[in-house]
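Worksheet: the structure to be examined is printed underneath.
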Amino acid sequence: MHHVRNLNGKPMTQGQINAYLDRIGMEGIPVKKDLAYLTKLQYAHITHIPFENLDIMAGVPISLERDALFEKIIRRKRGGVCSELNMLYNWFLESLNFQVTSYVSRIIAESRPLQAASHRVIVVAEDGESYLTDVGFNYQHHRKPMMLREHLICDDGDCQYKLEQDDFFGWVMWQKRPRSGWRRKLSFTETPQLDLDFVYPTFFAQEHPDSVINKATKVSLYLPQEQGRFYAIRGGQFLREEGGEVEVLEELTSKEQELRILDEVFHL
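Residues in the sequence shown are numbered from 67 upward in steps of one, following my numbering.
Structure follows, in structure tokens:
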């Protein structure tokens, strides 16, 4: 695995690290550079910082400048789309002295045509192994780091995941939900990427007519007070998902209704 930390810029200050830990509810917990702490970080992140495309829907340009992301997500307690969330997370992990490499992945949805590679994934090298960690997915995704090893099943308490190698796609992640079979989720090859490599994919996500995240409000978060259940606004509905079952809690028929849920549930 190639390590490109020094090419991405300066680490966070200690004040920024403390603010980040406070944002994800990890303040006061001793920082350790090991898998157990990385696992806690990923879960804390996805239960405190939502995926959300509100800026895209409002026509506000997305900045991938590190200080702008920190101000938006940590100081102003917003969320972001995948490139924002994983870019900030990558910077945070680097600042904690984890050995981090980012790759670009291709989201695979069986119900849609093949998409261009655009989603940032992060691999952390720790104790002789490599682990895939991701806090930027808009749909239910692995809630703990996955060892980068073929056919090894990762169970996150709700779904199972595994990685397989493909001659074209490289690493392919598969997901098995309760009461369903294995389905491909994404793929990536091990070509290291820098922060600036995600500027074009982010612009595509915001502006292109083929983008899947610029048509309607999309917000999602695992809620810790709800035992980590997955809640989302998607397709004009307020949803809850658990054990592979999707429950429609409300049909969103007005902007006022959407704003109420954004405030009460997602604190946006």
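The beta-carbon is built from N, C-alpha and C at its ideal position, and this holds for glycine as well.
All values reported here derive from a predicted model rather than from experimental measurement.
Residue from 103, 191, 128, 240 whose Cα sits closest to the Cα of residue 270: 128
Length of the line joining the Cα atoms of residue 259 and residue 167: 7 Å
In DSSP terms, what residue 307 is bridged to: 296, 312, per the DSSP bridge assignment.
Option nearest residue 101 by Cα separation, candidates 191, 299, 113, 154: 191
Residue 81, DSSP secondary structure in three states: helix
Every unbroken alpha helix (DSSP H) inside the region 83-170 [4 residues or more]: Segments of the alpha helix (DSSP H) lying fully in the region 83-170: 101-112, 120-124, 132-135, 148-161.
The region 185-202 / the region 142-160 touching (three or more Cβ pairs under 8 Å): yes
Near the ligand ZN: residue 92 beta-carbon under 6 Å from a heavy atom: Ligands displayed in this structure: none; no statement on the ligand ZN is therefore possible.
Residue 169 versus residue 315 - alpha carbon distance: Using only the alpha carbons, I get a separation of about 36 Å.
Per-residue DSSP class, three states only, for residue 328: Looking at residue 328 - three-state DSSP - the assignment turns out to be helix.
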